[in-house]
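Residue numbers (UniProt numbering), protein chains in the order written: chain A, 1 to 274; chain B, 1 to 274. For every residue, glycine included, the Cβ atom is placed at its ideal position computed from N, Cα and C. I have placed the structure first, in the form of structure tokens, so that the comments after it can refer back to it.
Protein chains: 2
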Amino acid sequence: MQQSCPKHLKHLVVKPGSKVDLGDIDPRDVDCLGKEEAVRTKLEEDVVAIDALQDRLYAEGKRALLVVLQGTDTSGKDGTIRGVFNTTGPLGVTVTAFKRPSEEELAHDFLWRVHLAAPRRGTIGIFNRSHYEDVLVGRVRKLAPKEVIEQRYDQINDFERILAENGTVILKFMLHISKKEQAERLQERLDDKTKNWKFNAGDLEDRKLWDEYQKAYETALARCSTDHAPWHIVPADRKWARNAIIAAIVRDTLEAMDPQYPKMPWKPSDFRIE
Amino acid sequence: MQQSCPKHLKHLVVKPGSKVDLGDIDPRDVDCLGKEEAVRTKLEEDVVAIDALQDRLYAEGKRALLVVLQGTDTSGKDGTIRGVFNTTGPLGVTVTAFKRPSEEELAHDFLWRVHLAAPRRGTIGIFNRSHYEDVLVGRVRKLAPKEVIEQRYDQINDFERILAENGTVILKFMLHISKKEQAERLQERLDDKTKNWKFNAGDLEDRKLWDEYQKAYETALARCSTDHAPWHIVPADRKWARNAIIAAIVRDTLEAMDPQYPKMPWKPSDFRIE
């Protein structure tokens, strides 16, 4: 296992086999981080370190990092990508947004499109939503029979283990916001003309099912947090704290992976540039 | 035509149908830009503007921007992507590096894999090398019969027109460095241990064919600069100037495209968030 997490954030990792009660975790409580100003400074250092580590990962060319971002509407998945990964940039980071599946995708098993989007060696792949939607909206909206959904948890664990055994280190983050915070963010999408397009009447339908979604998350987090692909519950009402937590864990993991520049089978003096 | 170029850079656009002599263009002459400090400040403004414009492009969801980067080894394609597009980030920008084609790709026509990588509406797609390799290395290394290569120029123009007519605005940049600058950059890859992995003995083989490559570029630039997909020759010995030129043209083009936030068929007061 190459995932790593700084000590002060270890309580955010869902222990394999444990029960999860999201009600126990306050999305605004980020006391574990310390003072905001210092946290912001650390975040800036972390994103620069992530960039340098991804350069090594690419040079090494043997492994990949997959970051799975899940969370309800407005939980800040896009903002996390900007805040944590823009410094590394599109050369080293690929984002895949999983939306409503196409006809072609629906003609395959639910992990088919996910496998296609698995990150290349040397890169960081980000899933903006993921195969977990198939046990979240899939469960809440009853898009598949219950027994089919039930099978998926183990299938997900096996699929992720296959990726892990083949060199992809997996970190999964559930962006945990409060219902109150979501109301504020949805209202902002209504009030700010440049954000109107992000507002979707369907989001209000999902909001009515808040408790059902939280339960579906609890089940997925409990059943699919593994040593090879751990879930982290990120208190996400404070954007700066959310980014800082994720950046710190990503950095720690990349440092534990410790990618190496390859040793070349030549000496610089073997070449003369004319 | 939605491509646009600031007045002081218009001389870098290859006029459709004109002859190109790369020897006429000094890769170090960036007097057209003015003082370096002001240029760097303007670059910072431009990359922020590009980010904001891409947000509109995404919200509008009707068009895409394709940026093609070509240039010899060490010409700075990766550096351009970092310098111009990291502020927009991987959420809005997708990079496709075209390397030696796979068996699967070779089993199709040369534009097949390129079409697959065309950017989604709302995003900026960057080609790090491109279908132009098929008339560059393809021509110099005689990877296909001469008459096949000859056909490709028109095929490329037609293919790019199809993309353009379907809403993809195309900007093509040839990063023009001097042979002397390339020597320095290759030497740096030999001297700097963290860059050794980027050094490829094959690059020296290509360097011996410098003149042949320049000629192949001149032909491609002359035959494939069109109103719907213009080529720009970017003096690229100075990294800051290269980035500034490309950022200015990308910004100008996005401003000319003038993407609009969609008008929604509802009023904010239609909704109540409970």
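Does any C-beta atom of chain A lie closer than 8 Å to the C-beta of B/Asn243?
-> no
Which class does B/Trp231 belong to by DSSP, given the choice of helix, strand or coil?
-> strand
Within 8 Å, strictly: CB atoms of A/Ile177 and B/Leu91 | no
Spatial neighbours of B/Gly83 in its chain, beta-carbon cut-off 6 Å, leaving aside the 5 residues before and after | Asn243
Kindly give me the distance between the Cβ atoms of A/Ala164 and A/His228, rounded to whole angstroms, as I take these residues to be in contact under 8 Å.
-> 4 Å
Taking only runs that begin and end inside the segment 58-135 of chain B, name each unbroken beta strand (DSSP E) of 3 or more residues, in chain order.
-> 64-71, 93-97 and 124-128
Mind listing the chain A neighbours of B/Tyr261? Cutoff is C-beta to C-beta under 8 Å, in chain order.
-> Lys193, Thr194, Asn196 and Trp197
Selection from A/Thr94, A/Gly79, A/Gly76 and A/Asp55 that minimises the alpha carbon distance to B/Gly79 = A/Asp55
Whose Cβ in chain A lies nearer than 9 Å to the Cβ of B/Arg238?
-> Simply none; closest approach about 20 Å.
Could you tell me which of A/Trp240, A/Lys180, A/Asp211 and A/Lys195 sits nearest to B/Pro268, measuring between CA atoms?
-> A/Lys195
Hey, how far is the Cα of A/Lys15 from the Cα of A/Gln3?
-> 13 Å
Which residues in chain A sit within 8 Å of B/Arg139, going by Cβ to Cβ distance?
-> Within 8 Å Cβ-Cβ: nothing; B/Arg139 doesn't reach chain A, min ~23 Å.
Where does A/Ile273 fall in DSSP's three states?
-> coil
For B/Lys172, which of helix, strand or coil comes out of DSSP?
-> strand
Is A/Val137 helix, strand or coil when you go by DSSP?
-> helix
Comparing the C-beta of B/Val93 with each C-beta of chain A, is any distance below 8 Å?
-> yes
Within 8 Å (strictly less), CB to CB, does A/Phe271 reach chain B?
-> yes
Using a beta-carbon distance cut-off of less than 9 Å, what residues from the segment 64-87 of chain A approach chain B?
-> Asp78, Ile81, Arg82, Phe85, Asn86 and Thr87
Classify B/Val39 as helix, strand or coil using the three-state DSSP reduction.
-> helix
How about A/Leu43: is its C-beta nearer than 8 Å to some C-beta of chain B?
-> no
Relative to the C-alpha of A/Cys191, which residue among B/Lys99, B/Arg272 and B/Val140 is closest?
-> In the sequence as displayed, the identity of residue 191 of chain A is Asp instead of Cys. Of the listed residues, the one whose Cα sits closest to A/Asp191 is B/Arg272.
Find the nearest neighbour of B/Asp46 within the set B/Pro265, B/Asp252 and B/Met264, judged by alpha-carbon distance.
-> B/Asp252
What residue range is occupied by the uninterrupted alpha helix (DSSP H) comprising B/Gln182?
-> Lys179 to Asp191
Determine the DSSP secondary structure at A/Val250, reduced to helix, strand or coil.
-> helix
Are the segment 231-241 of chain A and the segment 21-32 of chain A touching by the rule of at least three beta carbon pairs closer than 8 Å?
-> yes
Can you have a look at A/Gln70 and say buried or exposed, based on whether 16 or more other CB atoms are within 10 angstroms of its CB?
-> buried
Return yes when the Cβ of B/Thr74 is within less than 8 Å of the Cβ of B/Leu171, no when it is not.
-> no
Where does the unbroken alpha helix (DSSP H) through A/Thr194 begin, and where does it stop?
-> Note, A/Thr194: premise wrong, no alpha helix (DSSP H); not H, not E.
Would you please state the rounded distance, in angstroms, between the beta carbons of B/Tyr213 and B/Leu136? I believe it to be under 8 Å.
-> 7 Å
What is the rounded straight-line gap between the Cα of B/Val13 and the Cα of A/Leu254?
-> 43 Å
Given A/Tyr132, which residues of its chain have a CB within under 6 Å of its CB, disregarding the five upstream and five downstream residues?
-> Gln70 and Ala220
Indicate whether at least one CB of chain B lies closer than 8 Å to the CB of A/Leu12.
-> no
Rounded C-alpha distance that separates A/Arg223 from B/Thr123 | 36 Å
Quick one: does A/Pro268 have its CB under 8 Å from some CB of chain B?
-> yes
Could you tell me which of A/Lys99, A/Gln155, A/Leu53 and A/Val250 sits nearest to A/Ser130, measuring between CA atoms?
-> A/Lys99
Assuming B/Leu66 and B/Phe127 make a contact with CB atoms under 8 Å, what is their CB distance in whole Å?
-> 7 Å
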